[in-house]
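See structure below.
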Ligand SMILES: [Zn+2]
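In this note's numbering, the protein residues as written are 19 to 281.
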């Protein structure tokens with residue numbers, strides 16, 4: 019396997035990784051070690067649903083002060099039991115401190131049968147983020163313009179967060195930035211036919227954070243394999259190439275952005 023040689027030191031933050039997924043059950047400690055060696059200093063764990071919550075909280079306990087759980091109901095998990103699931107999110111947010119409300123949003127790619135419920139769950143969870151003064155981490159698929167509209171409705175100057183796995187055009191990037199939000203950029207940046215490099219050409223790094231979305235969406239050269247947090251260096255490297263700066267500069271700026279969002 020081809021490996022880039024990095025002879026500099028970077029501190030990176032993986033702002034979106036599902037490291038509690040069953041894909042890591044066998045080798046979680048080794049995987050974490052590789053990520054720490056690569057310079058990843060913090061890992062933000064987005065919530066999906068009640069079923070996967072225990073594994074997420076267990077991982078956070080196993081790696082205190084470097085793994086940070088979020089709380090929220092993923093749009094793809096908005097089903098018939100949405101009421102109960104949301105009640106659980108609200109109670110959890112009231113009970114302890116989470117790093118963010120996420121991942122929340124709209125996903126019209128997989129299934130539109132719960133579209134109405136997806137909207138109300140999204141609205142509701144944004145309200146809780148404002149109430150508990152937490153950032154939101156947004157998932158949007160085949161729904162970027164609708165998602166931006168919902169966020170705009172709630173933006174009272176206090177709402178902040180990330181459009182995770184941003185993979186749209188420059189127009190949407192600018193709308194998101196105008197809302198005071200950050201673009202979460204992951205492995206799709208490295209894909210051969212990606213339109214992201216062009217979309218981000220005029221977008222300042224002060225609006226960008228990095229993420230892997232592990233175990234999904236591995237960057238080149240790992241496509242088809244399991245993604246993991248250490249691979250974030252390939253995303254930083256690609257970003258450096260696009261911006262014509264060093265990977266160290268990319269890591270410095272994006273890491274400081276992430277700390278600002280989650281502080
Ligand atoms: Zn995710």
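All C-beta atoms, glycine included, are put in the ideal place defined by N, C-alpha and C.
Expected contact under 8 Å - CB spacing of residue i and residue j to nearest Å
i: residue 92; j: residue 121; result: 5 Å
i: residue 164; j: residue 228; result: Not really, about 26 Å apart at Cβ, beyond 8 Å.
i: residue 191; j: residue 218; result: 7 Å
i: residue 256; j: residue 208; result: 5 Å
i: residue 88; j: residue 63; result: 6 Å
i: residue 135; j: residue 96; result: 5 Å
i: residue 205; j: residue 253; result: 6 Å
i: residue 166; j: residue 194; result: 7 Å
i: residue 126; j: residue 159; result: 7 Å
i: residue 233; j: residue 42; result: 7 Å
i: residue 29; j: residue 269; result: 6 Å
i: residue 104; j: residue 53; result: So it is not a contact: roughly 32 Å between Cβ atoms.
Cα-Cα separation between residue i and residue j, rounded to whole angstroms
i: residue 17; j: residue 203; result: Residue coverage of the chain in this structure runs from 19 to 281, which leaves residue 17 outside it and unanswerable.
i: residue 181; j: residue 38; result: 21 Å
i: residue 172; j: residue 61; result: 27 Å
i: residue 57; j: residue 50; result: 11 Å
i: residue 156; j: residue 59; result: 22 Å
i: residue 81; j: residue 146; result: 27 Å
i: residue 258; j: residue 99; result: 44 Å
i: residue 106; j: residue 224; result: 35 Å
i: residue 119; j: residue 216; result: 30 Å
i: residue 69; j: residue 94; result: 13 Å
i: residue 85; j: residue 175; result: 28 Å
i: residue 108; j: residue 178; result: 19 Å
i: residue 66; j: residue 27; result: 33 Å
i: residue 188; j: residue 213; result: 10 Å
i: residue 78; j: residue 113; result: 16 Å
i: residue 36; j: residue 248; result: 13 Å
i: residue 162; j: residue 40; result: 29 Å
i: residue 277; j: residue 102; result: 32 Å
For residue i, the first and last residue of its enclosing alpha helix (DSSP H)
i: residue 104; result: 100 to 113
i: residue 46; result: 46 to 56
i: residue 238; result: Where residue 238 is concerned, there is no enclosing alpha helix (DSSP H), given that its DSSP letter is neither H nor E.
i: residue 260; result: 250 to 261
i: residue 66; result: That residue, residue 66, is in no alpha helix (DSSP H); it is neither H nor E in DSSP.
i: residue 163; result: 162 to 172
Endpoints, the beta strand (DSSP E) within which residue i is located
i: residue 159; result: 154 to 159
i: residue 200; result: 200 to 203
i: residue 226; result: 226 to 228
i: residue 122; result: 119 to 125
i: residue 87; result: 85 to 87
i: residue 280; result: Unbroken run through residue 280 is the alpha helix (DSSP H), 265 to 280; no beta strand (DSSP E).
i: residue 181; result: 179 to 181
Residue i, buried or exposed, once every other Cβ within 10 Å from all chains shown has been counted against 16
i: residue 153; result: buried
i: residue 272; result: buried
i: residue 25; result: Low confidence applies to residue 25: its pLDDT is 49, below 50, so where it sits in the model is not reliable, and the reading given next is rough at best. The residue is exposed, with fewer than 16 neighbouring Cβ atoms inside 10 Å.
i: residue 55; result: exposed
i: residue 242; result: exposed
i: residue 185; result: buried
i: residue 231; result: buried
i: residue 83; result: exposed
i: residue 265; result: buried
i: residue 222; result: exposed
i: residue 245; result: buried
i: residue 19; result: Residue placement at residue 19 cannot be trusted, given a pLDDT of 43 that sits under 50; what the coordinates show is reported in the next sentence. Flag for residue 19 reads exposed.
i: residue 211; result: exposed
Within-9 Å CB hit, residue i to chain C
i: residue 48; result: The structure shown contains no chain C; it holds only a single protein chain.
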